[in-house]
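S.K.:
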(Lines of atoms letter the chains of each structure in order from A and count residues from 1; the text may use other names and numbers.)
(Lines give C-alpha, C1' and ligand atoms only; values in the text may rest on other atoms or scores of the structure.)
Protein backbone atom coordinates (compact mmCIF):
# COMPACT_ATOMS: atom_id res chain seq x y z
CA UNK A 1 0.00 0.00 0.00
CA UNK A 2 2.86 2.41 0.83
CA UNK A 3 4.30 1.94 -2.64
CA UNK A 4 1.13 3.01 -4.43
CA UNK A 5 -0.35 5.63 -2.12
CA UNK A 6 1.71 6.92 0.79
CA UNK A 7 -0.81 9.43 2.10
CA UNK A 8 -3.67 6.95 2.10
CA UNK A 9 -1.44 4.36 3.79
CA UNK A 10 -0.61 6.89 6.51
CA UNK A 11 -4.29 7.74 7.00
CA UNK A 12 -5.29 4.08 7.23
CA UNK A 13 -2.48 3.45 9.74
CA UNK A 14 -3.87 6.24 11.92
CA UNK A 15 -7.38 4.80 11.73
CA UNK A 16 -6.19 1.25 12.45
CA UNK A 17 -4.22 2.28 15.53
CA UNK A 18 -6.47 5.08 16.85
CA UNK A 19 -3.38 7.28 16.75
CA UNK A 20 -3.82 11.02 17.39
CA UNK A 21 -1.15 12.06 14.88
CA UNK A 22 -2.06 13.55 11.54
CA UNK A 23 -1.26 11.80 8.26
CA UNK A 24 1.63 14.15 7.50
CA UNK A 25 3.50 13.37 10.73
CA UNK A 26 2.97 9.61 10.24
CA UNK A 27 4.24 9.93 6.67
CA UNK A 28 7.29 11.91 7.85
CA UNK A 29 8.11 9.33 10.54
CA UNK A 30 7.89 6.44 8.08
CA UNK A 31 9.97 8.41 5.57
CA UNK A 32 12.70 8.96 8.21
CA UNK A 33 12.69 5.24 9.03
CA UNK A 34 13.01 4.32 5.35
CA UNK A 35 15.90 6.77 4.92
CA UNK A 36 17.59 5.23 7.98
CA UNK A 37 17.21 1.79 6.38
CA UNK A 38 18.66 3.18 3.15
CA UNK A 39 21.71 4.49 5.04
CA UNK A 40 22.08 1.08 6.68
CA UNK A 41 22.00 -0.71 3.30
CA UNK A 42 24.50 1.69 1.73
CA UNK A 43 26.98 2.04 4.59
CA UNK A 44 26.23 -0.83 6.96
CA UNK A 45 25.86 1.68 9.81
CA UNK A 46 22.71 1.89 11.90
CA UNK A 47 21.50 5.49 11.84
CA UNK A 48 20.71 7.27 15.10
CA UNK A 49 17.57 8.86 13.63
CA UNK A 50 15.77 5.53 13.32
CA UNK A 51 16.70 3.79 16.56
CA UNK A 52 13.21 2.29 16.89
CA UNK A 53 14.00 0.11 13.85
CA UNK A 54 16.85 -1.65 15.56
CA UNK A 55 15.08 -2.16 18.89
CA UNK A 56 12.00 -3.91 17.45
CA UNK A 57 12.34 -6.84 15.02
CA UNK A 58 8.78 -6.43 13.67
CA UNK A 59 9.31 -2.75 12.87
CA UNK A 60 12.66 -3.60 11.28
CA UNK A 61 10.99 -6.19 9.03
CA UNK A 62 8.20 -3.79 8.03
CA UNK A 63 10.59 -0.94 7.23
CA UNK A 64 12.88 -3.35 5.36
CA UNK A 65 9.91 -4.52 3.29
CA UNK A 66 8.79 -0.96 2.50
CA UNK A 67 12.37 0.05 1.68
CA UNK A 68 12.83 -2.89 -0.73
CA UNK A 69 9.53 -2.24 -2.51
CA UNK A 70 10.25 1.49 -2.77
CA UNK A 71 13.70 0.72 -4.17
CA UNK A 72 12.17 -1.70 -6.71
CA UNK A 73 9.72 0.97 -7.83
CA UNK A 74 12.45 3.57 -8.32
CA UNK A 75 14.51 1.05 -10.29
CA UNK A 76 11.49 0.24 -12.48
CA UNK A 77 11.09 3.96 -13.21
CA UNK A 78 14.67 4.10 -14.47
CA UNK A 79 14.45 0.94 -16.56
CA UNK A 80 16.08 0.97 -19.94
CA UNK A 81 13.72 0.77 -22.89
CA UNK A 82 14.91 -0.89 -26.07
CA UNK A 83 13.53 0.44 -29.34
CA UNK A 84 13.22 -2.41 -31.84
CA UNK A 85 12.23 -0.17 -34.74
CA UNK A 86 15.80 -0.08 -36.08
CA UNK A 87 16.83 -3.18 -37.98
CA UNK A 88 20.46 -3.85 -36.96
CA UNK A 89 21.23 -1.52 -34.08
CA UNK A 90 18.84 -1.12 -31.22
CA UNK A 91 18.43 2.33 -29.83
CA UNK A 92 18.62 2.35 -26.06
CA UNK A 93 16.91 5.18 -24.25
CA UNK A 94 16.43 5.91 -20.56
CA UNK A 95 13.96 8.12 -18.74
CA UNK A 96 16.68 10.78 -18.47
CA UNK A 97 17.29 11.57 -22.16
CA UNK A 98 18.62 14.97 -23.19
CA UNK A 99 15.32 15.87 -24.83
CA UNK A 100 12.44 16.06 -22.37
CA UNK A 101 9.21 14.35 -23.25
CA UNK A 102 6.53 16.78 -24.43
CA UNK A 103 4.24 15.66 -21.60
CA UNK A 104 5.24 14.37 -18.22
CA UNK A 105 3.75 11.79 -15.89
CA UNK A 106 5.82 13.43 -13.13
CA UNK A 107 3.55 16.48 -13.31
CA UNK A 108 0.50 14.23 -13.04
CA UNK A 109 1.99 12.34 -10.09
CA UNK A 110 2.86 15.61 -8.33
CA UNK A 111 -0.69 16.92 -8.76
CA UNK A 112 -2.05 13.54 -7.64
CA UNK A 113 0.07 13.67 -4.47
CA UNK A 114 -1.11 17.21 -3.73
CA UNK A 115 -4.74 16.17 -4.13
CA UNK A 116 -4.22 13.11 -1.91
CA UNK A 117 -2.65 15.33 0.75
CA UNK A 118 -5.68 17.64 0.58
CA UNK A 119 -8.07 14.69 0.84
CA UNK A 120 -6.12 13.24 3.75
CA UNK A 121 -6.13 16.52 5.65
CA UNK A 122 -9.84 17.02 4.96
CA UNK A 123 -10.53 13.45 6.02
CA UNK A 124 -8.75 13.90 9.35
CA UNK A 125 -10.55 17.19 10.00
CA UNK A 126 -13.94 15.75 9.13
CA UNK A 127 -13.38 12.62 11.22
CA UNK A 128 -12.58 14.80 14.25
CA UNK A 129 -15.61 17.00 13.56
CA UNK A 130 -17.89 13.96 13.22
CA UNK A 131 -16.58 12.56 16.48
CA UNK A 132 -17.08 15.87 18.32
CA UNK A 133 -20.53 16.41 16.80
CA UNK A 134 -21.66 12.88 17.55
CA UNK A 135 -20.39 13.21 21.13
CA UNK A 136 -22.47 16.36 21.56
CA UNK A 137 -25.54 14.88 19.86
CA UNK A 138 -25.28 11.59 21.74
CA UNK A 139 -26.17 13.49 24.89
CA UNK A 140 -29.67 13.84 23.41
CA UNK A 141 -29.66 10.37 21.74
CA UNK A 142 -29.09 11.56 18.16
CA UNK A 143 -26.44 10.18 15.79
CA UNK A 144 -25.50 12.68 13.10
CA UNK A 145 -23.12 10.75 10.84
CA UNK A 146 -21.09 7.60 11.13
CA UNK A 147 -17.35 7.53 10.62
CA UNK A 148 -17.85 4.61 8.22
CA UNK A 149 -20.02 6.76 5.93
CA UNK A 150 -17.36 9.47 5.87
CA UNK A 151 -14.61 6.90 5.22
CA UNK A 152 -16.64 5.50 2.30
CA UNK A 153 -16.99 8.99 0.81
CA UNK A 154 -13.25 9.63 1.02
CA UNK A 155 -12.41 6.16 -0.31
CA UNK A 156 -14.61 6.90 -3.34
CA UNK A 157 -12.88 10.25 -3.84
CA UNK A 158 -9.48 8.55 -3.67
CA UNK A 159 -10.66 5.95 -6.20
CA UNK A 160 -11.85 8.76 -8.51
CA UNK A 161 -8.60 10.71 -8.32
CA UNK A 162 -6.57 7.51 -8.79
CA UNK A 163 -8.63 6.61 -11.87
CA UNK A 164 -8.09 10.10 -13.30
CA UNK A 165 -4.35 9.85 -12.67
CA UNK A 166 -4.18 6.42 -14.32
CA UNK A 167 -6.14 7.63 -17.35
CA UNK A 168 -3.94 10.71 -17.70
CA UNK A 169 -0.76 8.64 -17.37
CA UNK A 170 -2.00 6.26 -20.06
CA UNK A 171 -2.85 9.16 -22.38
CA UNK A 172 0.48 10.87 -21.74
CA UNK A 173 2.43 7.66 -22.39
CA UNK A 174 0.46 7.18 -25.61
CA UNK A 175 1.21 10.76 -26.69
CA UNK A 176 4.89 10.33 -25.87
CA UNK A 177 5.02 7.10 -27.89
CA UNK A 178 3.42 8.85 -30.88
CA UNK A 179 5.90 11.70 -30.46
CA UNK A 180 8.82 9.24 -30.49
CA UNK A 181 7.40 7.52 -33.59
CA UNK A 182 7.13 10.85 -35.36
CA UNK A 183 10.63 11.86 -34.25
CA UNK A 184 12.15 8.66 -35.63
CA UNK A 185 10.04 8.68 -38.81
CA UNK A 186 12.17 8.37 -41.93
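Residue numbers (this note's numbering): 21 to 206.
Glycine residues also receive a C-beta, built at the ideal position from the N, C-alpha and C atoms.
This one's a predicted model, so the numbers in the text were calculated from it and none came from an experiment.
1) In the DSSP assignment, find the unbroken alpha helix (DSSP H) run with residue 67 in it and report its ends.
2) Can you find at least 3 beta carbon pairs, one from the region 56 to 63 and one from the region 72 to 89, that sit closer than 8 angstroms?
3) Which first and last residues belong to the alpha helix (DSSP H) in which residue 162 is found?
4) Using CA atoms only, rank isn't needed, just tell me which of 41, 53, 167 is closest to residue 90.
5) If residue 185 sits next to residue 132, beta carbons under 8 angstroms apart, how far is it from one beta carbon to the other, in whole angstroms?
6) Looking at the structure shown, is residue 154 part of a helix, part of a strand, or coil, going by DSSP?
7) What is the C-beta distance between residue 34 and residue 41, in whole angstroms, given that I count them as a contact (C-beta under 8 angstroms)?
8) Given a cut-off of 9 angstroms on the beta-carbon distance, is the pair residue 146 and residue 127 in contact?
9) To which residues of the same chain is residue 153 closer than 6 angstroms at the C-beta, ignoring the five residues directly before and after it?
10) With DSSP run on the structure shown, which of helix, strand or coil describes residue 174?
11) Would you kindly work out how many angstroms separate the C-alpha atoms of residue 32 and residue 143, rounded to a whole number?
12) Does residue 28 pass the burial test, meaning 16 or more other C-beta atoms within 10 Å, or should it be called exposed?
13) Straight-line CA distance for residue 139 to residue 206?
14) Please report the Cβ distance between residue 167 and residue 150, rounded to the nearest whole angstrom; I am assuming they are in contact, meaning their Cβ atoms lie under 8 angstroms.
15) If you measure from the CB of residue 124, is any heavy atom of the ligand SAH nearer than 8 angstroms?
16) Cα separation between residue 172 and residue 136?
M.R.: From the atom records:
1) Looking at the DSSP string, residue 67 is not in any alpha helix (DSSP H), and its letter there is neither H nor E.
2) yes
3) Here residue 162 belongs to no alpha helix (DSSP H), and DSSP marks it neither H nor E.
4) 53
5) About 4 angstroms; that satisfies the 8 angstroms criterion.
6) helix
7) 6 angstroms
8) no
9) Setting aside the 5 residues that flank it on each side, residue 153 is surrounded in the same chain by 164, each with a C-beta closer than 6 angstroms to its C-beta; the list follows chain order.
10) helix
11) 11 angstroms
12) Looking at its Cβ environment, which holds 16 or more other Cβ atoms inside 10 Å, residue 28 is buried.
13) 48 angstroms
14) 6 angstroms
15) What this structure holds is no ligand at all, so the ligand SAH is not there to describe.
16) Their backbone Cα atoms lie some 15 angstroms apart in a straight line.
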